[in-house]
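Following our numbering, the numbering of the sequence shown begins with 72 at its first residue and continues without gaps. Here the structure is laid out as structure tokens; the discussion comes afterwards.
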Amino acid sequence: MADSKQMPPAKRTNLGAQLKPFAEQGELRLQQCLSCQQFVYPPREVCGHCLSGELSWEACPAEGQVLARVDLHNSFEPFYAEQLPWVLLSVKLDAGPVVYAHSSSHAGLEDSGLEVEALEIESKANSGDRVTLSLQLDEAEAPVFVAQPLK
Ligand SMILES: [Zn+2]
């Protein structure tokens, strides 16, 4: 429904919440290990590659490849339930990490309040497609990844 007051879930871990100021600025930043230089996601206390505790939030190259696409046709979350089907993508960034992202053509992310049209659904990224990732705030002011197909 276009006039819904429902909000997407906003809970994040303490480390995940640290993405918010970058989302506010439209900057894609992830933790990067100062020891082995690997980008790390999801956010954690130590590097998953070398166990160094020296992680810093750094600008991350935004391009990657869609590993899988899931079209949600059912959700217990009222926000999503009103806007089904909702497309989620797993994206392997060229920089290494795999992130879960919303599709760029979703209502509430690109054109707030608009209903998703069937034709838009068909035009979204699929497995193998190249995408560019951005970090944005959703309607609940929580940081989320959004994938935009590359042409
Ligand atoms: Zn490391």
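Note that CB positions come from ideal geometry on N, CA and C, so glycine has one too. Quantities reported herein were computed from a predicted structural model and do not represent experimental measurements.
- Taking all protein chains in view, the Cβ of Gly135 is crowded by 16 or more other Cβ atoms within 10 Å, so the residue is classified as buried.
- Around the C-beta of Pro214, 16 or more other C-beta atoms lie within 10 Å, and the residue is accordingly described as buried.
- Burial check for Pro79: the Cβ neighbour count within 10 Å reaches 16 or more, so the residue is buried.
- Secondary structure remark: continuous alpha helix (DSSP H) runs of at least 4 residues inside the stretch 112-184, in chain order: 149-152.
- Annotation for Arg115: Leu86, Gln102, Leu126 place their beta carbon closer than 8 Å to its own, counting only its chain and skipping 5 residues before and after.
- If you draw a straight line from the Cα of Gly119 to the Cα of His173, it comes to about 25 Å.
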